[in-house]
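Below: one structure, written as structure tokens.
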DNA sequence: CACACCGAGCTAATCGTTTCGCTGTATTTT
DNA sequence: AAAATACAGCGAAACGATTAGCTCGGTGTG
């Protein structure tokens, strides 16, 4: 590899001058500058980011830890994040915790070891880890995404899960449904707990409550939702409407309905928070809330870059986004007599 | 941050000894070792990968450049790649070229600047760029994925596109279809060209050829496929069966069918190469080939790590995977009289 | 008893940059 | 004309680690 020294030698100048030329960090007379530039081009010299970063104490790297890369929601987040960090001049190092605290720990350790300038994390739920930013304000700037954990030291960007769920549930209630079931995610996550709570709240406000067997919580996974749905919907006392907590689960439920030959929305109404991008071909189209992943990701990175570049030490900010209800054809008014 | 010097001072030893302890690279007497370890724990010292990498001339980073992060196929590839590189002890830096040569160039430049130890690239098609590995064998080990470009210096991992397409087309032909159309990708890519060729070959072997208006090539995108399909299928002379070149495009076609109220497979048979993971809820289930993304990605990284770790300088290897035909319900035998 | 040898740890050079502070010259100010 | 200021460029010390080579006692051998 050709180094700055080679260039310096070739141009018969000092390395300091070469550095000044490539960084425009000091005045260099035109003729000299030209000579140096010629040497650079000639030797096809490219400065080593590594050495530069070691010296400057930064890495131009941003770590992204998502909870489940197989989930299209997070895949889309990677997409948005890559575009955003590239625009800011950083590169994105991606980690998948797969909902496992142990993996998350490893990822964060790696992020520290690589001296990433910042981290965007979808936490799997154990508060301890994120204390990167310790008491004295040291540590890697971190933004927590999507899920709230007990950490008053990081910025957070989340969605209002309770509102999302109750919005969807209210829609089902407005259609006349009262036997509403739910399939939600892990209750130790705010995305799981909050959505279930929102659903329960909405029903409670109308003096209703779901039947015990109609409330299920599992993992945010297609196959889990599929089996839960098959089991719940195969019984005679099945609900007339079902609230599903996220996009992949909704897909699992639709698959179960197809397999059980239960027509939707004729026999059952399905509504969910979150959806999968690009499945417009799926009929019936899902009634669901849509979450502004891209805006959320951009905002998260804006916060992060703020901290990184401005050494911003103001108290943590917590940005909460609101979901939007999008109507599909997966819900129908309750047919009298089917209760 | 605490450095190796701090630890050395705290333990009253030289930095060499500390280094020996953390790397197990030389014998250190038990008592001294203990003292050093205590100092390390005490100061919560973590060696800086950056400094270490600068010295050792590697970065423990692998760059991944995909052609379209918004495509679930590549999202899944990221998922598989992250897992694989983590298992090998590397971290994954992700780039999206978005099918634009300019972005790809930037990504590769960045990969070089970061001194990534290797690169896995889904090329957008211009051969020049990948000449990282120059004549003298220098440059970053690179594996080209999915698409073939004129570069005899890199390993490649691809799928047999021609076989995939002709397999699918033959299936349609076996069902009696003769008016078969196709919607494929950009013809400058082997994934586009090859699939179209495979389809044409299969027909040719039975003495058939598609009608000119039934052969369309566009981008590998849902919305593009949607509009092409709408246009092609809204006409009276539409084909009785349609071959679609990839998963997202198939989704777009299904959406077009839904919007046009053309029942599938009753009125038209749809078959594709590639599909989208996790859309089992979509009915009818698509008849398609499935591509072993995970195995392909693992294999690609195996090749890459081989080159990196063994400094393997053997001639480039080209691994070609075979797709598997999976039957859904999106195809039906040709109804007599509908030709 | 002198010799070589060995084991345990240290010194210092090195990786490829950036940057502080210096030098020697040229220009301006008094 | 002397003093002050500015300018262009250089030398060398960092950044935080690794590692070749050295030192310095202690042991084993002839």
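Chains as they are written, first to last, in this note's numbering: chain C, 24 to 362; chain E, 24 to 362. Where a beta carbon is used, it is the ideal one built from N, C-alpha and C, also for glycine.
Review point. What residues in the stretch 278-289 of chain E bring their beta carbon closer than 7 angstroms to a beta carbon of chain C?
Key: 278, 281
Review point. Okay, do the stretch 263-281 of chain C and the stretch 110-121 of chain C touch, 3+ Cβ pairs below 8 angstroms being the bar?
Key: no
Practice item. For residue 220 of chain E, name the three-state secondary structure that DSSP assigns. Key: As a first step, residue 220 of chain E is located in the second chain; it is residue number 197 there, counting from the start. Residue 220 of chain E falls in the helix class under three-state DSSP.
Point to revise | Positions along the stretch 132-150 of chain E whose CB lies within less than 9 angstroms of some CB in chain C | key: 132, 133, 134, 135, 136, 137, 138
Exercise for review: Give a yes or no on whether the C-beta atoms belonging to residue 192 of chain E and residue 177 of chain E are separated by under 8 angstroms.
Suggested key: As a working mapping, residue 192 of chain E is identified with position 169 in the second chain. As a working mapping, residue 177 of chain E is identified with position 154 in the second chain. Contact flag unset, no.
Check your understanding: How should residue 257 of chain E be labelled, buried or exposed, when 16 other C-beta atoms within 10 angstroms of its C-beta is the threshold for buried?
Key -> As a first step, residue 257 of chain E is located in the second chain; it is residue number 234 there, counting from the start. Classification for residue 257 of chain E: exposed.
Check your understanding: Between residue 200 of chain E and the rest of its own chain, which residues show a CB-CB distance below 6 angstroms, the 5 nearest in sequence each way excluded?
Key -> Along the second chain, one-based indexing puts residue 200 of chain E at 177. For residue 200 of chain E, where only same-chain residues beyond five positions count, the Cβ hits under 6 angstroms are 263, 264, 357.
Point to revise | Cβ contact check for the stretch 211-224 of chain C and the stretch 35-55 of chain E: 3 or more pairs under 8 angstroms | key: no
Practice item. Output yes or no for whether 8 angstroms exceeds the beta carbon distance between residue 343 of chain E and residue 207 of chain E. Key: Counting from 1 along the second chain, the entry for residue 343 of chain E is found at position 320. Counting from 1 along the second chain, the entry for residue 207 of chain E is found at position 184. No, they are not a contact pair.
Check your understanding: Of the residues C:174, C:44, C:82, C:70, which one's Cα is nearest the Cα of residue 141 of chain C?
Key -> Mapped onto the first chain, residue 141 of chain C falls at position 118. Of all alpha-carbon atoms in C:174, C:44, C:82, C:70, the one lying nearest the alpha-carbon of residue 141 of chain C is that of C:82.
Exercise for review: Check the Cβ-Cβ distances between residue 27 of chain C and every residue of chain E, and say whether any is below 8 angstroms.
Suggested key: Taking the first chain and counting its residues from 1, one reaches residue 27 of chain C at position 4. Residue contact check for residue 27 of chain C against chain E: no CB pair falls below 8 angstroms.
Point to revise | Assigned secondary structure, residue 266 of chain E (DSSP; H/G/I helix, E/B strand, else coil) | key: Here residue 266 of chain E corresponds to residue number 243 of the second chain, with the count starting at 1. Looking at residue 266 of chain E - three-state DSSP - the assignment turns out to be strand.
Review point. Thinking C-alpha only, which one of C:353, C:100, C:93 is nearest residue 318 of chain C?
Key: Here the question's residue 318 of chain C lines up with position 295 in the first chain. Closest by alpha carbon: C:100.
Practice item. Decide if residue 76 of chain C is buried, meaning its Cβ has at least 16 other Cβ atoms within 10 Å, or exposed. Key: Residue mapping note: residue 76 of chain C aligns to position 53 of the first chain, counting from 1. Classification of residue 76 of chain C: buried, given that the 10 Å Cβ count is 16 or more.
Check your understanding: What did DSSP end up calling residue 353 of chain E once you bin it into helix, strand or coil?
Key -> For the purposes of this step, residue 353 of chain E is taken as residue 330 along the second chain, with counting starting at 1. Reduced to three states, the DSSP call for residue 353 of chain E is coil.
Review point. Under the DSSP definition of a beta bridge, which residues are partnered with residue 178 of chain C?
Key: Here residue 178 of chain C refers to the residue found at position 155 when the first chain is read from its first residue. Bridge partners of residue 178 of chain C: C:166.
Point to revise | Any chain E beta carbon closer than 8 angstroms to residue 100 of chain C | key: Taking the first chain and counting its residues from 1, one reaches residue 100 of chain C at position 77. Judged by the 8 angstroms Cβ criterion, residue 100 of chain C is not in contact with chain E.
Review point. Exposed or buried, residue 80 of chain C, counting other C-beta atoms within 10 Å across all chains shown (16 or more means buried)?
Key: The sequence position of residue 80 of chain C within the first chain is 57, counting from 1. When all chains shown are included, residue 80 of chain C counts as exposed.
Review point. Can you give the Cα-Cα distance for residue 114 of chain E and residue 341 of chain E, rounded to whole angstroms?
Key: On the second chain, residue 114 of chain E is found 91 positions in, with the first residue counted as 1. On the second chain, residue 341 of chain E is found 318 positions in, with the first residue counted as 1. Taking the straight line from one Cα to the other gives about 25 angstroms.
Check your understanding: Going by the beta-carbon positions, is the gap between residue 353 of chain E and residue 310 of chain E smaller than 8 angstroms?
Key -> Here residue 353 of chain E refers to the residue found at position 330 of the second chain. Here residue 310 of chain E refers to the residue found at position 287 of the second chain. Yes.
Point to revise | CB contact check: residue 125 of chain C to chain E, cutoff 8 angstroms | key: Position 102 of the first chain holds residue 125 of chain C. No - not a single Cβ of chain E is within 8 angstroms of the one on residue 125 of chain C.
Point to revise | alpha helix (DSSP H) segments (min. 4 residues) lying fully within the stretch 76-123 of chain E | key: 95-111
Check your understanding: Does the Cβ-Cβ distance between residue 148 of chain C and residue 170 of chain C come in under 8 angstroms?
Key -> Here the question's residue 148 of chain C lines up with position 125 in the first chain. Here the question's residue 170 of chain C lines up with position 147 in the first chain. Yes. Within cutoff.
**Study point:** Beta carbon proximity, residue 118 of chain C to chain E, threshold 8 angstroms
**Key:** Position 95 of the first chain, counted from the first residue, corresponds to residue 118 of chain C. True, the Cβ-Cβ gap to chain E drops below 8 angstroms.
Check your understanding: Going by beta carbon distance, what residues of the same chain come within less than 6 angstroms of residue 237 of chain C, once the five residues before and after it are set aside?
Key -> Stepping through the first chain from its first residue, residue 237 of chain C is reached at position 214. 204, 262.
**Study point:** Alpha-carbon to alpha-carbon, residue 71 of chain C and residue 78 of chain C
**Key:** Reading the first chain from its first residue, position 55 is the one you call residue 78 of chain C. Reading the first chain from its first residue, position 48 is the one you call residue 71 of chain C. Counting only the Cα atoms, residue 71 of chain C lies some 11 angstroms from residue 78 of chain C.
Review point. Comparing alpha-carbon positions, which option in E:315, E:282, E:44, E:281 lies nearest residue 58 of chain E?
Key: Here residue 58 of chain E refers to the residue found at position 35 when the second chain is read from its first residue. Measuring from the Cα of residue 58 of chain E, the nearest candidate turns out to be E:44.
**Study point:** Sub-8 angstroms separation of residue 85 of chain E and residue 108 of chain E beta-carbons
**Key:** The residue given as residue 85 of chain E occupies position 62 in the second chain. The residue given as residue 108 of chain E occupies position 85 in the second chain. Yes, the Cβ-Cβ distance between residue 85 of chain E and residue 108 of chain E is below 8 angstroms.
Review point. Quick one, which of E:347, E:220, E:305 has its alpha-carbon nearest residue 278 of chain C's?
Key: Within the first chain, residue 278 of chain C is the residue found at index 255, counting from 1. Among E:347, E:220, E:305, the Cα nearest to that of residue 278 of chain C belongs to E:305.
Review point. Does the Cβ of residue 280 of chain C have 16 or more other Cβ atoms within 10 Å, making it buried, or fewer, making it exposed?
Key: Counted from its first residue, the first chain places residue 280 of chain C at position 257. Buried, by the Cβ-count rule.
Exercise for review: Anything in chain C within Cβ reach of residue 114 of chain E, meaning under 7 angstroms, just list it in chain order.
Suggested key: In the second chain, residue 114 of chain E corresponds to position 91, counting from 1. Neighbours of residue 114 of chain E on chain C, chain order: 116, 133, 137.
Exercise for review: Return the residues of the stretch 42-75 of chain C that lie within a Cβ-Cβ distance of less than 8 angstroms from chain E, sorted by chain order.
Suggested key: 69, 70, 71, 72, 73, 74
Point to revise | 6 angstroms CB neighbourhood of residue 27 of chain C in its chain, flanking five on each side removed | key: Translated into the one-based positions of the first chain, residue 27 of chain C becomes position 4. The answer, listed in chain order, is 38, 41.
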